[in-house]
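Down below is the structure, laid out as structure tokens.
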Amino acid sequence: MGLIQYAEEHDIDYQKSSIRRIIGIGEGLRNQDFSLNLLGSKIKNKWDVDLFATYSSTEMGATFSECPCGCGGHHHPDLLIIEIIGEDNRPVLSGEIGEIVITTLGVEGMPLLRFRTGDMAGIHTEPCQCGRQTVRISPLIGRKNNMVKYKGTTLYPPAINDVLDNTEYVANYVVVVRDSDAGTDEVVVRIGLKKDFHYAKLATNIGEAESSIIKDLKDRFRARIRVAPIVEILPIDLIQKINYPAQSRKPIKFIDERKSHKSRDVLSI
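Structure representation (structure tokens):
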């Protein structure tokens, strides 16, 4: 989307470029039914290209990539053994969500045996329309450690990010999960508003406009994830400092302040 925005601002006809395929790395492009999510749809509507989602990690030394059918990332059994396990540490059924566990084959520097990635996805065992017989993994739904139980609904940060990334007046944001007074999970979304956003579209004064923005954003959350988190509006610069602390290699958009937060471990054999 950054490339599209730059091209439009500088009158570059990106539709006539030589780019025909885009491979998404790090950001999900599909829903669990393999349809394009909000980000994928937004790119596709703007740019007539083929979109491919991938999943990988440094530890794997391999990647799960989509074929043109777009029905999940294909497993390469000569490189990895993959398992999708549930809370009982046993494999889940086809289509069910669990944690991705891998065993590397041929990696000599740091071989891994039943390594828990902490990533949550489903597995599909039926043959792909492309003819391949190997299993496929679904789009990731999030990190196991980042799972949130909020008002009876199980949430993962990517679903929250998907709403915020596709809201036109949100410049930046951070999602905070903390313990409520009742001991349950509480979700707070702190956003910065775009400087060129016109408050007059919503109300006659800033106070009323911010109330309207909070209501609108909560309605978007309810439509997408069925529940509405607490929404706070903060200065863009303050959110920016939270997103990019000193010596941070990646932007921080999720902060877990729960006392019950647990780090990932290695699955026992």
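This note's numbering puts the sequence shown at residues 4 to 272. C-beta: ideal position from N, C-alpha, C; glycine also.
Asked                                                                                                                                                             : Found
Taking DSSP's pairing of strands, which residues face A124 in a bridge?                                                                                           : G101
Hey, quick one: how far does the alpha helix (DSSP H) through N246 stretch, first residue to last?                                                                : 239–246
Name, in chain order, the residues that DSSP records as bridge partners for H77.                                                                                  : S68, R139
Taking the C-alpha atoms as reference points, what is the distance between G75 and Q136?                                                                          : 13 Å
Does DSSP classify D182 as helix, strand or coil?                                                                                                                 : strand
Indicate the three-state DSSP secondary structure (helix, strand or coil) for P94 in the structure shown.                                                         : strand
Excluding the 5 residues flanking G5 on each side, which residues of the same chain have their C-beta closer than 8 Å to its C-beta?                              : none
Between L1 and I28, what straight-line distance do the alpha-carbon atoms span, to the nearest angstrom?                                                          : Nothing can be reported for residue 1: it is not among the residues displayed for the chain, which extend from 4 to 272.
Going along the chain, which residues of its own chain have a beta-carbon closer than 7 Å to the beta-carbon of R24, five neighbours each way excluded?           : V52, D53, F55
For A162, which residues from the same chain have a beta carbon less than 8 Å from its beta carbon, with the 5 sequence-adjacent residues on both sides left out? : I144, G145, R227, I228
Does DSSP classify A212 as helix, strand or coil?                                                                                                                 : helix
By the DSSP assignment, the beta strand (DSSP E) with L45 in it spans what residues?                                                                              : Checking the sequence, you will find Lys at residue 45 rather than Leu. Not the beta strand (DSSP E): K45 falls in the alpha helix (DSSP H), residues 41–49.
Just tell me which of I22, R225, P232 has its CA closest to the CA of S183.                                                                                       : P232
In the DSSP output, which residue or residues are listed as bridge partners for I87?                                                                              : I103
Could you tell me the distance, in whole angstroms, from the CA atom of L270 to the CA atom of K147?                                                              : With a pLDDT of 40 at L270, under the threshold of 50, the modelled position of this residue cannot be trusted, and the question is left open.
Just the C-alpha distance for S215 and S21, rounded to the nearest angstrom, thanks.                                                                              : 43 Å
Which of helix, strand or coil does DSSP assign to A231?                                                                                                          : coil
Determine whether the beta carbon atoms of F67 and I126 lie at a separation below 8 Å.                                                                            : no
Taking its Cβ as the centre, do 16 or more other Cβ atoms sit within 10 Å of M113, making it buried, or is it exposed?                                            : exposed
Relative to the C-alpha of C70, which residue among D81, E62, G64, Y58 is closest?                                                                                : Y58
Grab me the residues of H79's own chain with a C-beta within less than 7 Å of its C-beta, minus the 5 sequence neighbours each way, in chain order.               : A65
At what residues does the alpha helix (DSSP H) containing D165 begin and finish?                                                                                  : 160–168
Name the residue from Y176, L158, N169 whose alpha carbon lies nearest to the alpha carbon of E189.                                                               : L158
Determine the DSSP secondary structure at D268, reduced to helix, strand or coil.                                                                                 : Because D268 sits at a pLDDT of 41, beneath the cut-off of 50, its placement in the model cannot be relied upon, and the following sentence gives the value as read from the coordinates. If DSSP states are grouped into helix, strand and coil, D268 belongs with coil.
When the distance is taken between beta carbons, is P160 closer than 8 Å to N149?                                                                                 : yes
What's the gap between the Cα of N169 and the Cα of L41?                                                                                                          : 7 Å
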